[in-house]
Amino acid sequence: MAPERPPALSIRHLRKAFGAHVVLDDLDLDISAGTVFALLGPNGAGKTTLVRILATLSLPDRGDVEVFEHDLRQAPDTIRRLIGVTGQNASVDGVLTGTENLRLTGRLLHLGKAETLRRGTELLERFDLVDAADKPVASYSGGMRRRLDLAMSLMGKPRIVFLDEPTTGLDPRSRRDLWTAIKELAAEGTTILLTTQYLEEADQLADRIAVLDGGRIVADGTPEELKRLVPGGHIRFRFADRALLDAAARALDSDSGGHADPEQLTLQVPSDGSATEIKQLLDRFAELDIAIDQLTVHTPDLDDVFFALTGRTEVAA
Numbered sequence: 061m062a063p064e065r066p067p068a069l070s071i072r073h074l075r076k077a078f079g080a081h082v083v084l085d086d087l088d089l090d091i092s093a094g095t096v097f098a099l100l101g102p103n104g105a106g107k108t109t110l111v112r113i114l115a116t117l118s119l120p121d122r123g124d125v126e127v128f129e130h131d132l133r134q135a136p137d138t139i140r141r142l143i144g145v146t147g148q149n150a151s152v153d154g155v156l157t158g159t160e161n162l163r164l165t166g167r168l169l170h171l172g173k174a175e176t177l178r179r180g181t182e183l184l185e186r187f188d189l190v191d192a193a194d195k196p197v198a199s200y201s202g203g204m205r206r207r208l209d210l211a212m213s214l215m216g217k218p219r220i221v222f223l224d225e226p227t228t229g230l231d232p233r234s235r236r237d238l239w240t241a242i243k244e245l246a247a248e249g250t251t252i253l254l255t256t257q258y259l260e261e262a263d264q265l266a267d268r269i270a271v272l273d274g275g276r277i278v279a280d281g282t283p284e285e286l287k288r289l290v291p292g293g294h295i296r297f298r299f300a301d302r303a304l305l306d307a308a309a310r311a312l313d314s315d316s317g318g319h320a321d322p323e324q325l326t327l328q329v330p331s332d333g334s335a336t337e338i339k340q341l342l343d344r345f346a347e348l349d350i351a352i353d354q355l356t357v358h359t360p361d362l363d364d365v366f367f368a369l370t371g372r373t374e375v376a377a
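All letters in the sequence shown, in the order written, are residues 61 to 377 by the numbering used here.
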């Protein structure tokens with residue numbers, strides 16, 4: 061068994077209120093180093109407030125936060141050297157060129173001139189911005205601006221990166237380009253906290269996902285673990301005629317919960333869609349010479365999970 065990864069981020073009993081409105085309510089959360097952690101939640105759930113606290117831009121009213129074992133209140137400057145932040149809107153200067161934006165970031169981080177030049181050149185190549193490096197950022201597409209924004213957040217080689225809605229407003233191709241960049245960062249060992257309104261994005265990128273609602277974590281687990289929280293998964297078999305359908309229905313255990321539809325010639329069996337369970341059913345039908353015309357597997361997706369946990373059909377930015 062692989063050793064458990066140390067925590068990059070540890071949050072205990074975190075509370076934040078604005079007047080009488082409690083935004084984060086006794087929040088506990090751990091994020092392992094070198095993983096992608098996605099935070100989902102409806103509008104007003106507290107996602108951006110949490111990111112602002114973790115980025116040392118706001119203090120909690122109560123609770124403890126440690127970033128790589130450094131306390132948020134006692135060592136904010138140390139934490140700032142360990143993190144990178146990309147917000148919902150690209151924080152780039154449209155008047156400056158891509159190269160100038162990166163050099164400015166290097167100076168703000170107190171990097172030496174040679175290191176700023178080396179790191180900027182490396183990031184321009186990495187994010188496919190070399191051809192546009194000397195053009196004003198105002199001429200960049202939305203996807204290019206987001207890639208530059210992410211590059212700027214990486215100038216200081218952060219150990220953890222906070223991405224707050226990084227792909228909002230991007231076209232599908234630009235979004236997937238950014239996904240690739242995020243996956244590459246994670247593969248190199250960078251810890252990533254991602255907030256997103258795209259459930260598919262969380263499913264594709266995250267090692268673990270937490271659902272934040274009403275200032276509290278209402279679920280936390282891998283994408284597959286969260287999907288198993290929601291009933292409704294099933295395997296559907298279609299048969300050529302009624303005789304085969306009836307034979308298949310009789311072959312099931314009495315407590316299987318299978319449902320036959322004579323009009324559609326289908327048999328629906330509750331299942332988590334695991335390969336083992338599918339094989340067991342196929343083997344049973346094969347032993348009885350019951351031919352199957354078609355097999356489909358439905359497992360709950362993150363949309364189902366999100367609706368079940370929050371009562372909302374979609375995540376809002």
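Ideal placement from N, C-alpha and C gives every residue a C-beta, glycine not left out.
CA nearest to the CA of residue i, picked from the options
| i | options | result |
| --- | --- | --- |
| residue 106 | 183, 129 and 271 | 271 |
| residue 139 | 297, 161, 115 and 191 | 115 |
| residue 351 | 358, 341 and 359 | 341 |
| residue 148 | 256, 200 and 266 | 256 |
| residue 158 | 205, 173 and 132 | 205 |
| residue 358 | 291, 142 and 236 | 291 |
| residue 120 | 170, 275, 315 and 368 | 275 |
| residue 118 | 100, 74 and 150 | 74 |
| residue 363 | 302, 289 and 156 | 289 |
| residue 347 | 365, 312 and 331 | 312 |
| residue 122 | 71, 164 and 100 | 71 |
| residue 285 | 153, 296, 268 and 310 | 268 |
| residue 146 | 207, 246 and 321 | 207 |
| residue 151 | 246, 353 and 164 | 164 |
| residue 218 | 68, 369, 370 and 371 | 68 |
| residue 280 | 89, 355, 176 and 196 | 89 |
| residue 222 | 316, 325, 192 and 96 | 96 |
| residue 155 | 193, 183, 170 and 173 | 193 |
| residue 249 | 81, 82, 92 and 86 | 92 |
Three-state class that DSSP yields for residue i in the structure shown
| i | result |
| --- | --- |
| residue 276 | strand |
| residue 78 | strand |
| residue 169 | coil |
| residue 70 | strand |
| residue 150 | coil |
| residue 281 | strand |
| residue 362 | helix |
| residue 377 | Because residue 377 carries a pLDDT of 42, less than 50, the predicted location of this residue cannot be relied on, and the following value inherits that uncertainty. If DSSP states are grouped into helix, strand and coil, residue 377 belongs with coil. |
| residue 268 | strand |
| residue 357 | strand |
| residue 338 | helix |
| residue 157 | strand |
| residue 306 | helix |
| residue 58 | Residue coverage of the chain in this structure runs from 61 to 377, which leaves residue 58 outside it and unanswerable. |
| residue 313 | coil |
| residue 349 | coil |
| residue 183 | helix |
| residue 301 | coil |
| residue 83 | strand |
| residue 289 | coil |
Extent of the continuous alpha helix (DSSP H) run through residue i
| i | result |
| --- | --- |
| residue 209 | 202-213 |
| residue 238 | 232-247 |
Local Cβ density within 10 Å of residue i, reported as buried at 16 or more and exposed below that
| i | result |
| --- | --- |
| residue 336 | exposed |
| residue 240 | exposed |
| residue 161 | buried |
| residue 110 | buried |
| residue 78 | exposed |
| residue 287 | buried |
| residue 304 | buried |
| residue 238 | buried |
| residue 331 | buried |
| residue 380 | The chain is shown only over 61 to 377; residue 380 falls outside these bounds and no answer can be derived. |
| residue 273 | buried |
| residue 360 | buried |
| residue 133 | exposed |
| residue 282 | exposed |
| residue 213 | buried |
| residue 376 | Low local confidence applies: a pLDDT of 49 at residue 376 is under 50, so the model's placement there is unreliable, and no value is given. |
| residue 266 | buried |
| residue 76 | buried |
Extent of the continuous beta strand (DSSP E) run through residue i
| i | result |
| --- | --- |
| residue 328 | 326-330 |
| residue 264 | Residue 264 -> not in any beta strand (DSSP E); alpha helix (DSSP H) instead, spanning 259-265. |
| residue 297 | 294-298 |
| residue 253 | 251-255 |
| residue 220 | 220-224 |
| residue 320 | 319-321 |
Complete beta strand (DSSP E) runs within the stretch 91-144 (minimum length 3 residues, chain order): Fully enclosed beta strand (DSSP E) runs of 3 or longer: 96-100 and 122-127.
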